[in-house]
Structures are given as structure tokens and as C-alpha cells.
Amino acid sequence: MVEAVNSSLGKMLLEEVSPVVMVLCTPLVEETFLKNGLSFVETLKPFCNFSNIDVPVRTSGDQLYRLKKFTLRLFNASDIKQPNVEVAKQRLEHVITQAGEKVFHDLESDPPQITDILSNPESEIAPTWFQYYNKELIRTLSFSDHEAFDHPVACLLVASSKDEEPLNKFVDLFNTNRLPSLLNDGVMDPKILKHFLLVHDNQDATTERLTSKVLSEMRSTFGNNECNLLCTNSSKEGNVEHQANPWASFKSSVPAEKLGFALTGDDIGEIKDLMQEFASRHIIPYMEQKVRDLNQQISATRKGLRNQIKNLWWRKGKDDVPDSTKGSIYTFSSTESQIRILGDYAFMLHDYELALSSYRLISTDYKLDKAWKHYAGVQEMMGLAYFISDQSIKEAEYCMENAFSTYMKLGKSGFQNATRCGLWWAEMLKARDQYKEAASVYFRICGEEPLHAAVMLEQASYCFVLTKPAMLHKYGFHLVLSGDHYKICDQVNHAIRTYRSAISVYESTTWSHIKDHVYFHIGQWYAIVGMNDVAVRNMLRVLDCGNQSKSTQEIFLRDFFDIVKKTGMKHEVVGLRLPVINMSSLQVIYEDHRTYASQASALVEESIWQSLEDDIIPSLNSGKSNWLELQSKLLPKKYKESNVCVVGESVKLDLEFRNPLLISTSVTSVSLICELTANSDDLKLDKEPSSLSLETEHNQVTTSGLSSFTLSEVDFTLGGGEKKLVRLTVTPSEEGILKIVGVRWELSGSIVGVHYFQSVPTKAKTNKAKRKNKLTPTDALKFLVIKSLPRLEGSIDHLPDKLYAGDLRYLVLELKNNSESPIKNLKMKISHPRFVNPESHEEELTPGFPDCLKKGPEQNTVQRETSRTSVFAFPKDVSLQGDRSLRWPLWLRAAIPGTMSLYFTIYYEMENVSSIMKYRTLRMHYSLQVLPSLETSFEITPSPSRLQEFLVRMDIVNRANSDAFEIHQLSTVGCRWGISLLQPVDTILPSKSILPGQGLSCFFMIKDCRKPGIEEEKTTSILPSQTDTKLITQDDDEKFFDIVNSPLASFHESERSCHGTSDQLSPNTVDFILISRLAKSSNPSAEQDLLKILSHHSCHNRIRSSIPLSWSLDGPKTMYHDFSTSFCEIKLKMVIRNTSDGFLSVSINTIDGLPDAAAPTPSSGNLSGWRYVPAITEEMKLTSDVMGSRLGKPPPSMESSPPFIWSGSSSTKVQIQPLSTTEIPLQVSVFSPGTYSLSTYELVWELFEHENASSATSGTCQGYPYYITVLQSE
């Protein structure tokens, strides 16, 4: 904090509260000094400020003090009057306008940054013209009737040596008619110090002798000490140049070189000496004496207790007088005025204690007299005296607040005085670093006049930036307010200047509304002053104004394009935010060795293609290498990080554009910005393979013109807030290095937007060698362009977008190479062989689809071997070039419902074309929507009476939403199983079709056609028709579909693979294929759908059983034997099959069941031996109980008949391998004729998971009913 005297306010008080000298001069004097472009007063003004006058002064006391600094104010007598309000207002406006003209050229520069503003010293933050404006504003209150520091202290009378009778001129000059009215009206004391000056023009012919004579007469008349001579214009030629012109700052309207050009250095020195002597020997002593006299007089009349009581008594009753708001009620001779003069003289002589005591003395009088303007003026001077003398800060602020409030209470008449008080008050606060409080004072003195308010608001803003810490938001807000007020008064330059400063505050904030407001209006104002280029530059910042209302956006755009049209030229704008570019959406699609059949193929993730191509891309030397490693070995070192593209093949770039506005925007001529540089040595890569290792730097030549590359242009319209993904392409036509630099577009044909793809921080990516390669987005936009190569084009004809699950289609893959260079060694890999299966030969179907799938008249039942390799190799002799195309049959089957993506990659090689690229791949991608159709399930259970036969239940549900299906045939896969219906076709499906949502159950009998053996089972030959059964009644002559050969057999193998089983047929499972088609519809457009064939594959259907074995007892049913000779021995055979995947141990326990003779049990229901033999005429009834329910009680005559016995082993144990069969011989001995039930045995089994397992599951099975009749032979 600086000293009060050296502060800005201290310097202002030294200049503005200083003695006034009234100047009266003759016309010839003015004529003499006008030769220098200056009036007499203007000539003396630069020499009235004394920084080191060093004059001893003694005022009220006996102690002397030395006056170091002193200033005189010179005024012509005609100017000593209260300024006209309108004239003063015009002068202030002129000051502002002149300052705006000076800053006009600075408006083209970049706006100041807030960091630069904060780093500047305090004196450089606010414009310098503020001080001049404040001084002019204070001077509008000069010579007021309630203050004395503007009263003239002395009068300088000046006459020329060329005047006739100069002595008479001096007398005439001080005539009352020529004096200011304030002196004649009694406001100011006319009895002031007079000093006489004779001016001699050295360029005049008047002799010095005559001038000396006049000076002698003056001294004899007016006194020797009161007269002086000033010789001037000593330069005869009148061309003196002053290096430091003292008048330049006082009269800026005239060029400095034209001021004082007739005055020599001696002349200037003489003027300095004159003013120094006038101040130190005349003015200061006169004021010193005046102060002593006034102080003595006032001390005698007003000071002391007696005088104070007397004054209060005299003023008794003054409280009832009306307020004095207009005019002056005190003359210069009144006691109050004399006290005020004492205070002001003491203040000007820097005796602030005497000034304060005088102001305090008179303050009470003014308050009692209700002379509020006088009272406020005294309070104002008290506050300044407290400040300049470094006394109580609180007292100073209290006095300034009191003065300001009192002035404001006076209304309009006191506002100007309040403004001056506010300016001094604000400067006082700023000197004490109270910037926030100073800003509030500036805000209080804004008033209603816009131009005045603009200046005050701007000064308040600079106070906010000077606070600690800086209040930047308030700084910017007050600048915006100030700029708006400047614009109202047509001070556009100042409005732009304040808004430019506010930009630095809001540029980095998220306050979009005020930011848009600033940029929009500053753009408008730049257009008003004719700086259209700068206007466009600022208006561009508001184009991304999505936060504004639709109407506001329309205004912004309309004014923006109007300004652009005024320029009459296209403007290229880097970083244009309309539309907004989403850099995260940037995707580059190019073709090197990888080519794409469609846009959908190019958007597939690279990892998917790489997984397909691992098996078809050749390795380099030993071990596998991906293409990037192969490329790094072939390319020069400086281009190893570059992508590779081919001459004539487009590089595509997808980029998202977004309209940030609520209104539609038309974007035209959107294209890429590219650079193609030709490298003379590197372009020989394909011609000289031996030079691939060259790593030296090469000269680059930039190619230009349409022959280098071709760019696509796109036009589109974006609705409000709409996003659109745009594809842009560049097609190089020459070899070299291609760089995609950015993108450009046009708005309304006058604005060209440019967006450069700048690099971002790199990301480290580690490869197998643990070496970090830094890849940036700009690397992805750099390409090594090599010469033209063959390119394979491919498509699949008639591939549907939507189909039903199981739908079988015949398709054709068409491949074409438009290049004259041939391609060979074609290979193809398909992502889902379950869906697509290529034919093994290139030929059209004969007959057509679907008849080609049906069996011929002599169809071989032996299944062909289907290819299980993952890569399909085209024949070696297939080569494509020129106009020849290859059409290869494909089979498509929709295996499962849902959305499915099919990926095809076709590998091919090129002959003697490029040393960098030996092969290429064609990538194809298709998306299918598979709808649900028929859903099938099978349940297989063993036949209870026949070992090789099984009952099959098929459940069908139509899951389609609208279509019905007809079922055509059901087939078993392989030569093992025969199938037959258990019920007529008409009873299965009377309606001929399965409607949507309908379910259906069918029953079939399948028979294992293998011949059972002890060690192995051999397959017998069965007719082809035994594996198929027809499920339709119409078209009885229609042939069965061939499930043995491709494509149905191939698709079935794929289905089996998807269910995770081995290639060999599982002996304990059955596979089914159901063939169906769409039912006939009344819709004529659906007739074509009748040709659609659907195949439904059900794999690995296991035979369900509660026990792990099945068996049968084989032997004769009826025998004749002569029992008179011996008993009958009957040989039997039991066949047991292990139906599980484990190891089975079976024990056969036979039970003779002999009756107890001593105690027969007729009621027993489990007798063996003789059974009741019914008469021939009686009906024999047998139950189907697998446990063999017994017959009822035989007649009494039969109860004592002898039984039969098992004559073989009573217990036999065998081990059976998984899914194997064994035979066990048995024998029974019968002792008498009759019918016998041979179910008196049981099978005890144990099942082990493997051969050496310690734990097992076990169970017991009772014998099946088996009856044998033995008759007596004749």
C-alpha cells in the first residue's frame, strides 16, 4: 500500500485542489502566443506543476514546514464560471469517443487472456484514459458556489509591448465589466493578488529600449515586485523542434511538432523561471498571509467556549428554516465562507490539521442552517483531509459516506457532486487495497445516464479483478454490463473492447448462455465497424448453440450468414462446430490383402475374420506368421507402421456428424483432406525385391492435381439434433504415401468448415516379442499405396433375409475377377458349416430343386462319405481373370431359430504381381433371421415282448406364428433301423397340415435290423424303403427324399457334431430326419413357397429303459413225447443284451418249485409244474403282465400231478460288455404231459461304470411268461 500523498488520489488532489490563477490578457498577447499553436494559458500550463518547489510556510502556528510539491491552475477570466451541463456532457462524450478511436486498431488483435491480465501491474490493467475522464468529470463541478478551492487566489494581468499605452491596458483589463460574474455577484472575493506581466515578441520590430521603458513605467506605477517581463518567440525561422514537447499531453488535438516551434530553449527556461518565481514569491506568501489573517479573525470570533455558545444562541430557531437546496445563502464575506476559505487555503498549503479544524467548525453551522450542499462539501473535504494526512481510516470513510448520502438526498442537483465524491471515495479505497468496496462505490454512482454508467461499470469490473483473490465472474459480468451501455450510446469500439475482455473469463466456463451472448454481440458489433472477418470469426463460436431456444438459434444463424455475405468471399474455418464431428465414431475401412464384399463385411470385428483365416493363410518360412508380421518383413523400416492400400481401390472413412441445433442444417461438399507424396525409391518395392531392406531417407515429392487421387463428395441435411454416419472415400491413382489429414464441408456455400484429425496420447501395445509399438490414430490414417492388384468380387444369389428353421435352399456363389491378372488356389472357409455346405463340383442342378433331393429308381443305400474338413478347396484348375465368372453351388439350411451371422472368407493367390502382397482374401458377411417352425421330440422305449423292436413316440409342435406345415416323411439315419407306422396316416393328421400353435403325437415301430450274435452283431441288408416312412396320403407315387447323400447327409453330420458326439454311430441311439414343407395357401403369391423343403434333424435319441438289460427265452412251443419210456428233456436258449454303457454282471437263478406233498397248499397262487390245460374249445386268455401273472387253481384231479424241473445249472453267472449281447443255454425236464409256464427264474444284475469299479448298482428281474405244451405221442 503506497503513501497517501503518492497514491493516485493524492496526485489528483494535488492537481485539482490547488490555487486558481485568473488570467486577463490583451488580444495582442494571444496573437503572439498563437504563433506557436497555443494560447497564453496553454503555453504556461506545463510549467505550473512544481515537484520540488521547497518553499518554507508558516500558517497557524509558529512552526515552519517546507512545501515540496505545489501546483497552480491557470484559467482565463472568461472560463471562471460554472460549466454548462450540456457542454460538459459533450466534453465527456468527446473524451470517450476519442479514446475509442485510439483503440480501434487494437480490436483486430486477439483478445487478452485472463492470465495475462492477472499478471499485469495494477497501473496497466485499467485503460489510461479513465484518469483523464475522471478529471474531466470532476472539472464539470468547477467554480461551484459552495466551495472555495476554485476561487481565484491571484490575477495575472498580461499586456503586449506592441499594445498602445500598455499601462492603460492593465487598468482596463481589471475593469469590473470584464471580470467573471462570480466575482461581481459576491460569490468570490474580488480583492485578490494582482501581478502584471509584459510580453515582448522577439520576432517583432519593437526595440528592446522601448520595452524596457514600458517595464520601468509599470514598476513605478504598480510596484517593483508586482511586475515582470517575458520575452518570447526568439526563433526567427520558427522551426524549433522539441524532443520532449511539454505541450503534447495538454493539447492532443494538434500534432506535437507544431506546438511551440517558435520558442527556443531559452524562451522555455524563461517561462519556467517566471512561473517558479510567481508561485514561490507571490502566490504562496499571499496565501500564507491570508491563512494567518483568517485564522486570527476566526479565532477571535468563533473559537473558544464563549464564542461557540454565542454562535449557538444566535442560530437558535434555525431548525425551522426550510432546506437550502438551490442557490447560495452565503456571500464570500460571511463568517461561514471565510471559515471555508481558511480550510481550503490550508488544504492547498498542505496544512491538513488546520483544514480539518476549520471544516469541523463550519460543518455544524451548515448542518444547523440545513445548507446540505455546503454540509456535504465540507464532509467531503474532511474525508480527503483524513486520507491525505494518513489519519483515521474509519473517520475518512465515515465522512465520505456522509457526504455521498447527503448529495444523493439532494436529488438530481446533487448527483454530479455525489459522482465526484464517489470517484474520490473509490480512489481512497483502492489506495488501501479495498478493491471490492471500491467496486460497490462505482456501482452506486452509475446513475441513469447510459454512457456515464458504462464507464463506472467498467471501472468497477477492474476493481473485481484486482481483489485478492480475483473475482473473475463479477469482473466479466460487469464488463458485459458496461459493454451493453456503451452500445446503447453508439460507442461500439468501447463495447467491443469490454466484450473482448469478458471473453477471457467465459471462454473456459460452462456458462453457455452468457458465452453465446458475448460472442454473438461482439460479432455483430465487429460487423458494424466494418471488421467483417473478425465478426465472422467470433460469430462462429455461437454456431454450436444447442442450449439456446429454437428462435434464438435462428437469429444466430441468420445474422451469421448475413455477415458472411457482406464479406463477399468464402471463409475457411478450422474447427467449425456446425455440425459437430464425433471423433470416437471414426472408422477407417481399407483393403490390403483383406477385401470386403459389402459394407457389412467391413464392419465385422477383425478377430472374427482372423479366427476364420488362421487355417487358410500360409505361413512364412517356419512357424505361423500373421499378415502384419509378414508385412513388416517386406516393407522398408520407415513404413512398417503404415497400412497398405492398392492403387484404384478406395479407402473408406466413416464419420458421424451431429447437428447441435434445433433447426435443420444443410451440409454440402463433404470430402476428405488428403496428401499423397510420391517416393521415388520406395515405389520400386514391387519391381526390385532385392532392395526391400533399404532404410535410408528418400526425397519426397508431393503430387497434386486430380490425377493423384479422387475424393468423394457428400451432401446431406441434418434435422434438429440429428446424427448421421457419413461414408467418405479417397481413391489413390498413383503409388506413394497417402495421408488422410482431415475433413472439410460447406455451409450455405460461403463457409468452409475444416476439421483436422489431430494426434492424441499414444497407447502402448505389446506384441509377442514384448516390444512396445506406439500406435496413434494418425498411424491408422497413413497408407503405403502399392500398384494395382487383382481383386476378387463375390456375391451369393437369392440368399433370403428371412426363413424358417430347417428351411433348405439351393444357392449359387458367384465369383468374378475383373483384372487381367489371373488368380488361383482358391480356398473357402465358412463360419457355420451347420448352415452352409458347398457342393463338391461346379455344375447346375439336374433336375431342379427340390426334385434333385429325391431318391432315384435304383438308389444306393450305402451312405457316401461326407467331407469333414473345415476348409473347402476349389479345384486346382479353377482360375479367374477378365470377364470369366465362377458359379459354385451352395446348400443353405437354417439350423436353429434366431438371428444368425454367416461369415465367408475366400483365399486366393496372385501370380507375379506384387512382391509385397502374394495373396488376398475376400470377406463376405450375411445376416439371416431364422423363424421358428416345427419342433420335434422323440421317445423310444423297448418292446416288452420282442428284443429287437422298439416303440417310438414323436411329438410335433408348430411354433410358427402364421404358416401351417405339411409333414412329408420320417426317416431313420443309417442302415440299422427300419421304421414303420403303427397307425394309418389319415388318423395321424386328418387336416393334412399342422396349424400354427398346434401339437401332434405319432407312434412308430423301429426294428434293429442287426443279427444278434454272441461276440458281435452283424448288419443285414434292408431295403431302402424300410428306413423311410411316408406321412402323407396324397401323391402316393411321390418319391422319398434322399437322406443318405449330400446335402441332407452332410447337414446331418453337422448336426451330430454340434451335439458333441463322435463320428461313429452310437449303437444305443437313433437319429431321425423329418421332412416337411409349407402347406398350401389361398394366397397366390405364396405358391412359390410350396417349393420350400424343411428338414428337421433329431440326433442321439436314446432308448429309454428302467433296467440296463433286456432278454428273451427261445425254445419250442409244443412237443410230443412218449412218457412211457422216459421223461422229456427240452433245450432252451436265453439271449441277454447289455443296453447300458457300463459293464454288466448277470446271475440266472432257476426255481423248480416242487409242491409239498405232506401239506399241499391249494390256495397258493405261485405253483409250478403241471398247470391247468383248458379244453380245446375253451378260449385261452393270456395277460401282458411282464411279471407273468399266474393262472387260477387247477381242478382237484390235477393237484397231485408231478412237476417239471430245471435240469441244467441252478445258477449261471455271465459278464457282458457295454452294448453287447450273449446267449446262455438252458434245459428243463418234464415228467408228464401238460402245459407249463417256464417263468420260474430270476435275473440278478450288477452294473459297474467301468471294468475295475468297486461300486455298482444292482437289481432283480423276474422271468417273462413263457408257455410250453408237452403232449403224449401216439
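Counting in the numbering used here, the sequence shown runs from 3 upward without gaps. By construction, the Cβ of each residue, glycine as well, lies at the ideal position given by its N, Cα and C atoms. For clarity, every value in this text was computed on a predicted model and none was experimentally measured.
**OP:** Mark Ala6 as exposed unless 16 or more other C-beta atoms lie within 10 angstroms of its C-beta, in which case mark it buried.
**Re:** Position 4 of the sequence shown, counting from 1, holds the residue named residue 6. It is buried - the Cβ of Ala6 has at least 16 other Cβ atoms within 10 Å.
**OP:** Check whether the stretch 581-600 touches the stretch 921-931, taking contact to mean three or more Cβ pairs, one atom from each stretch, closer than 8 Å.
**Re:** yes
Subject >> For Phe466, the nearest candidate out of Ala250, Gly449, Leu431 (CA to CA) >> reply: Your numbering for residue 466 matches position 464 in the sequence shown. Nearest of Ala250, Gly449, Leu431 to Phe466, Cα basis: Leu431.
Original post:
Who are the near neighbours of Ser41 in its chain, counting only those whose CB is closer than 7 Å to its CB and skipping five residues on each side?
Top reply: Position 39 of the sequence shown, counting from 1, holds the residue named residue 41. Only Glu32, Phe35 meet the Cβ criterion.
**OP:** Please say whether Leu474 and Val520 have beta carbons closer to each other than 8 Å?
**Re:** Residue 520 sits at position 518 when you count from the first residue of the sequence shown. Residue 474 sits at position 472 when you count from the first residue of the sequence shown. Not in contact: Val520 and Leu474 (Cβ atoms no closer than 8 Å).
**OP:** Could you tell me whether the stretch 575-582 touches the stretch 790-803, where touching means 3 or more Cβ pairs closer than 8 Å?
**Re:** no
Original post:
When DSSP labels each residue in this structure, what does Phe1125 get in the three-state scheme?
Top reply: For the purposes of this step, residue 1125 is taken as the residue at position 1123 of the sequence shown. DSSP places Phe1125 in coil when its eight states are reduced to three.
Subject >> Between the CA atoms of Val1246 and Lys612 - distance to the nearest angstrom >> reply: Along the sequence shown, read from residue 1 onward, the residue named residue 612 stands at position 610. Along the sequence shown, read from residue 1 onward, the residue named residue 1246 stands at position 1244. Checking the sequence, you will find Gln at residue 612 rather than Lys. Answer to the nearest angstrom: the Cα atoms are 58 Å apart.
**OP:** Starting from the C-beta of Val22, find all residues in its chain whose C-beta is less than 7 Å away, skip the five residues before and the five after it, and write them out in chain order.
**Re:** Residue mapping note: residue 22 aligns to position 20 of the sequence shown, counting from 1. Closer than 7 Å at the Cβ level, and outside the excluded window around Val22, lie Arg75, Phe77, Asp152, His153, Pro154, Val155.
Original post:
If you draw a straight line from the alpha carbon of Tyr377 to that of Tyr368, how long is it in whole angstroms?
Top reply: For the purposes of this step, residue 377 is identified with residue 375 of the sequence shown, where counting begins at 1. For the purposes of this step, residue 368 is identified with residue 366 of the sequence shown, where counting begins at 1. The alpha-carbon atoms of Tyr377 and Tyr368 are separated by roughly 5 Å.
Original post:
So what's Ala680 in DSSP terms, helix, strand or just coil?
Top reply: As a position in the sequence shown, residue 680 is number 678, starting the count at 1. Note: Ala680 maps to strand in three-state DSSP.
Original post:
Given Leu185, which residues of its chain have a CB within under 6 Å of its CB, disregarding the five upstream and five downstream residues?
Top reply: The count along the sequence shown starts at 1 and reaches residue 185 at position 183. Here the set comprises Pro192.
Original post:
For Ile498, does the three-state DSSP call read helix, strand or coil?
Top reply: Numbered from its first residue, the sequence shown carries residue 498 at position 496. Reduced to three states, the DSSP call for Ile498 is helix.
Original post:
How is Gly738 classed by DSSP in three states: helix, strand or coil?
Top reply: To locate residue 738, count along the sequence shown from 1; it is residue 736. The answer is strand: DSSP assigns Gly738 an E or B state.
Original post:
In whole angstroms, what separates the C-alpha of Leu468 from that of Pro114?
Top reply: By one-based count along the sequence shown, residue 468 stands at place 466. By one-based count along the sequence shown, residue 114 stands at place 112. For Leu468 and Pro114, the distance between alpha carbons rounds to 16 Å.
Original post:
Which residues mark the beginning and the end of the beta strand (DSSP E) in which Val932 is found?
Top reply: Taking the first residue of the sequence shown as position 1, residue 932 is located at position 930. From DSSP, the beta strand (DSSP E) with Val932 extends over 921-933.
**OP:** Compute the beta-carbon to beta-carbon distance between Lys164 and Glu18, rounded to the nearest angstrom, for a pair I have assumed lies under 8 Å.
**Re:** Taking the sequence shown and counting its residues from 1, one reaches residue 164 at position 162. Taking the sequence shown and counting its residues from 1, one reaches residue 18 at position 16. In fact, because the Cβ distance is near 36 Å, the residues do not count as touching under 8 Å.
Original post:
In this structure, what does DSSP give as the bridge partners for His800?
Top reply: One-based indexing of the sequence shown puts residue 800 at position 798. His800 is not bridged to any residue.
Original post:
Sorted by chain position, which residues of the same chain lie with C-beta nearer than 7 Å to Ser1199's C-beta, five sequence neighbours on each side aside?
Top reply: Start at 1 with the first residue of the sequence shown, and residue 1199 comes out as number 1197. Confidence is the limiting factor: at Ser1199 the pLDDT is only 40, short of 50, which leaves the residue's position unreliable, though a coordinate-based value still follows. Counting only Cβ-Cβ distances below 7 Å, and skipping sequence neighbours, we find nothing.
**OP:** Thinking Leu730 and Leu828 are a contact (beta carbons under 8 Å), I'd like their distance in whole angstroms, please.
**Re:** As a first step, residue 730 must be located in the sequence shown, where it is residue number 728. As a first step, residue 828 must be located in the sequence shown, where it is residue number 826. 33 Å between Cβ atoms; not a contact.
**OP:** Can you tell me the Cβ-Cβ gap for Glu1225 and Val1137, rounded? I've got them flagged as a contact below 8 Å.
**Re:** Taking the sequence shown and counting its residues from 1, one reaches residue 1225 at position 1223. Taking the sequence shown and counting its residues from 1, one reaches residue 1137 at position 1135. So it is a contact: roughly 5 Å between Cβ atoms.
Original post:
Given a threshold of 16 other Cβ atoms within 10 Å of its Cβ, counted over all protein chains shown, does Gly723 qualify as buried or as exposed?
Top reply: Start at 1 with the first residue of the sequence shown, and residue 723 comes out as number 721. Exposed.
Subject >> Own chain partners of Ala1258 with C-beta closer than 7 Å, once the 5 adjacent residues on each side are dropped >> reply: As a working note, residue 1258 is residue 1256 in the sequence shown. Closer than 7 Å at Cβ, skipping near neighbours: Glu1248, Leu1249, Phe1250.
Original post:
Are the stretch 263-280 and the stretch 332-352 touching, with three or more C-beta to C-beta distances below 8 Å?
Top reply: no
Subject >> According to DSSP, residues forming a beta bridge with Gln1264 >> reply: What you label residue 1264 is simply residue 1262 of the sequence shown in a count that begins at 1. Glu1244.
Original post:
CB of Ser218 to nearest heavy atom of the ligand ATP: below 7 Å?
Top reply: The ligand ATP is not part of the structure shown, which contains no ligands of any sort.
Original post:
Between Phe252 and Gly478, what straight-line distance do the alpha-carbon atoms span, to the nearest angstrom?
Top reply: Numbered from its first residue, the sequence shown carries residue 252 at position 250. Numbered from its first residue, the sequence shown carries residue 478 at position 476. Cα to Cα, the separation comes out at about 34 Å.
Original post:
In three-state DSSP terms, what is Phe874?
Top reply: Along the sequence shown, one-based indexing puts residue 874 at 872. Three-state result, Phe874: strand.
Original post:
How would you label Asp684, buried or exposed, when you count the other beta carbons within 10 angstroms and need 16 or more for buried?
Top reply: Indexing the sequence shown from 1 puts residue 684 at position 682. At Asp684 the pLDDT is 48, less than 50, meaning the model places this residue with poor confidence; the figure from the coordinates comes in the next sentence. With 16 or more other Cβ atoms within 10 Å, it is buried.
Original post:
Since Ser823 and Thr938 are thought to touch, with beta carbons under 8 Å apart, how far apart are those beta carbons, to the nearest angstrom?
Top reply: The residue you call residue 823 lines up with position 821 of the sequence shown. The residue you call residue 938 lines up with position 936 of the sequence shown. Between Thr938 and Ser823 the Cβ distance is about 52 Å, and since that is not below 8 Å, they are no contact.
**OP:** Please classify Ala896: is it buried, with 16 or more other beta-carbons within 10 angstroms of its beta-carbon, or exposed?
**Re:** By 1-based counting over the sequence shown, the position of residue 896 is 894. Burial call: buried.
**OP:** For Glu1276, count neighbouring C-beta atoms within 10 Å of its own C-beta (all shown protein chains included) and say buried if the count is 16 or more, exposed if not.
**Re:** Reading the sequence shown from its first residue, position 1274 is the one you call residue 1276. Answer is exposed; the Cβ neighbour count stays below 16.
**OP:** Classify Cys423 as helix, strand or coil using the three-state DSSP reduction.
**Re:** The residue given as residue 423 occupies position 421 in the sequence shown. Here Cys423 sits in helix by DSSP.
Original post:
Assuming Val590 contacts Leu783 under a Cβ cut-off of 8 Å, what Cβ separation, rounded to an integer in Å, is found between them?
Top reply: For this step, residue 590 is matched to residue 588 along the sequence shown. For this step, residue 783 is matched to residue 781 along the sequence shown. Val590 to Leu783, Cβ: 7 Å. Contact.
Original post:
By a C-beta neighbour count over all protein chains shown, 10 Å radius and 16 as the cutoff for buried, is Gly1261 buried or exposed?
Top reply: The residue you call residue 1261 lines up with position 1259 of the sequence shown. Gly1261 is exposed by the Cβ-count criterion.
Original post:
With DSSP run on the structure shown, which of helix, strand or coil describes Ala1258?
Top reply: Residue numbering aside, residue 1258 sits at position 1256 when the sequence shown is read from its first letter. Note: Ala1258 maps to strand in three-state DSSP.
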